[in-house]
């Protein structure tokens, strides 16, 4: 299907190519421009990421104590996630961005970069990584996440255009189909979250109510075939991938999300004492 | 043409998870409890006792297997296993049906 679609799109681009290779273009068509850097068409948009930060500010009530960072995650099997550097690159400006050892970062505000519609560029092939917002309320029990934080991660991530598309060719289409509200407020939104280690079970807890998430909430629904994985930004993170019902308002923002990891010491979970079905 | 592209792309993007998942092979929970012992039960023993079921294989060599047992009101209990690289069951968990689960 992809080949069909690519085949359908490419000819339209080819029609705009000027002349055959090797044939000099007419002098009247030559224009002089100054290019101080090159940008990949699928680099992250600085303007969009700033819009994501503004969304965080507007929706801060979902996670009043939390701070916002962005985070880089591996997308392809061979990408080296050590020593990544980031820059905000415009036509005449380059702003370095400090990257923490966990590959998270805070994006600085810069008016000139905004005016120049700068890109956020890493020293890695853009499609080798996926990007996410990271919203963390301090002081949570170790190893847990808070549902309101995850709701905000979805809204900010979608607003900032962080989720990797299957192909640059699909960018304009998928953006048209997926507003932050459509994705984050719908059971069919399919916004993927990632754990720190391969996960075996995810549990929600709010007051006396506790539920283990169903199997279809793990591993991108368990529906990915080998052929499909390269088109999902869970490609190399499948065993760390989960959905959480951010759309279900019966779970309050303070709901705690806890994880049992594959490498945790064995616990016999045949008697889920914590559940209240 | 544009409409066709949008439909194709929507199918591809939503391929990340919107299809209804396979439910997992149905088994009797009591028999499952008797036969499956983490740290000992093998892939071959699972296949012999319960047959193939929905599985997810990871690059690490680990596998997650989903079986299901019928529960009240048309719902079901999920029986999830984690198999290691050697095909031995390492973890087992049960997810009981909850009142908010859709009936099947």
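Chains as they are written, first to last, in the working numbering: chain L, 29 to 305; chain S, 12 to 115.
Just so it is clear, CB atoms sit at the ideal spot from N, CA and C, and this is done for glycine as well.
Since we're looking at a predicted model, the values are computed, not measured.
Against chain L, with Cβ distances strictly below 7 Å, would residue i count as a contact?
| i | result |
| --- | --- |
| residue 32 of chain S | With a pLDDT of 47 at residue 32 of chain S, under the threshold of 50, the predicted position of this residue should be treated as unreliable, though the coordinate-derived value follows. Chain L, which has a Cβ nearer than 7 Å to the Cβ of residue 32 of chain S, makes this yes. |
| residue 40 of chain S | no |
| residue 47 of chain S | no |
| residue 109 of chain S | yes |
| residue 89 of chain S | yes |
Chain L partners of residue i, CB-CB under 7 Å?
| i | result |
| --- | --- |
| residue 75 of chain S | 247 |
| residue 106 of chain S | 240 and 242 |
For residue i, decide whether its Cβ has a neighbour in chain S, counting only Cβ atoms nearer than 7 Å.
| i | result |
| --- | --- |
| residue 209 of chain L | no |
| residue 236 of chain L | no |
| residue 240 of chain L | yes |
| residue 250 of chain L | yes |
| residue 69 of chain L | Its pLDDT being 49, under 50, residue 69 of chain L is placed unreliably in this model, and the coordinates cannot settle the point. |
What residues in its chain sit with their C-beta under 6 Å from that of residue i, if we drop five residues either side in the sequence?
| i | result |
| --- | --- |
| residue 150 of chain L | 112 and 114 |
| residue 280 of chain L | 234 |
| residue 262 of chain L | 220, 248 and 269 |
| residue 65 of chain L | At residue 65 of chain L, the pLDDT of 48 sits below 50, so the modelled position is not reliable; the number obtained from the coordinates is stated separately. Closer than 6 Å at Cβ, skipping near neighbours: 117. |
Hey, out of the options, whose CA is closest to residue i's CA?
| i | options | result |
| --- | --- | --- |
| residue 38 of chain S | S:87, S:99, S:100 and S:55 | S:87 |
| residue 88 of chain L | L:177, L:271, L:148 and L:251 | L:177 |
| residue 110 of chain S | S:85, S:74 and S:59 | S:85 |
| residue 220 of chain L | L:268, L:233 and L:231 | L:268 |
| residue 283 of chain L | L:239, L:246 and L:259 | L:239 |
| residue 137 of chain L | L:121, L:106 and L:285 | L:121 |
| residue 98 of chain S | S:70, S:71, S:55 and S:35 | S:55 |
| residue 271 of chain L | L:286, L:218, L:131 and L:183 | L:218 |
| residue 209 of chain L | L:185, L:254, L:230 and L:223 | L:185 |
| residue 260 of chain L | L:130, L:156, L:169 and L:152 | L:156 |
For a contact defined as C-beta to C-beta under 7 Å, what are the partners of residue i on chain S?
| i | result |
| --- | --- |
| residue 266 of chain L | 69 |
By the criterion of Cβ-Cβ separation under 8 Å, what are the contact partners of residue i in chain L?
| i | result |
| --- | --- |
| residue 93 of chain S | 228 and 290 |
Residue i lies in the beta strand (DSSP E); which residues open and close that run?
| i | result |
| --- | --- |
| residue 122 of chain L | 122-125 |
| residue 239 of chain L | 237-240 |
| residue 231 of chain L | 227-234 |
What are the start and end residues of the alpha helix (DSSP H) that includes residue i?
| i | result |
| --- | --- |
| residue 154 of chain L | Counting along the chain, residue 154 of chain L falls outside any alpha helix (DSSP H), and DSSP gives it neither H nor E. |
| residue 175 of chain L | 175-187 |
| residue 74 of chain L | 74-86 |
| residue 40 of chain S | 40-46 |
Only counting the same chain, and skipping five residues up and downstream in sequence, which positions put a Cβ closer than 7 Å to that of residue i?
| i | result |
| --- | --- |
| residue 247 of chain L | 266, 267 and 269 |
Once you ignore the five residues that flank residue i on each side, which residues in its own chain have a CB closer than 8 Å to its CB?
| i | result |
| --- | --- |
| residue 59 of chain S | none |
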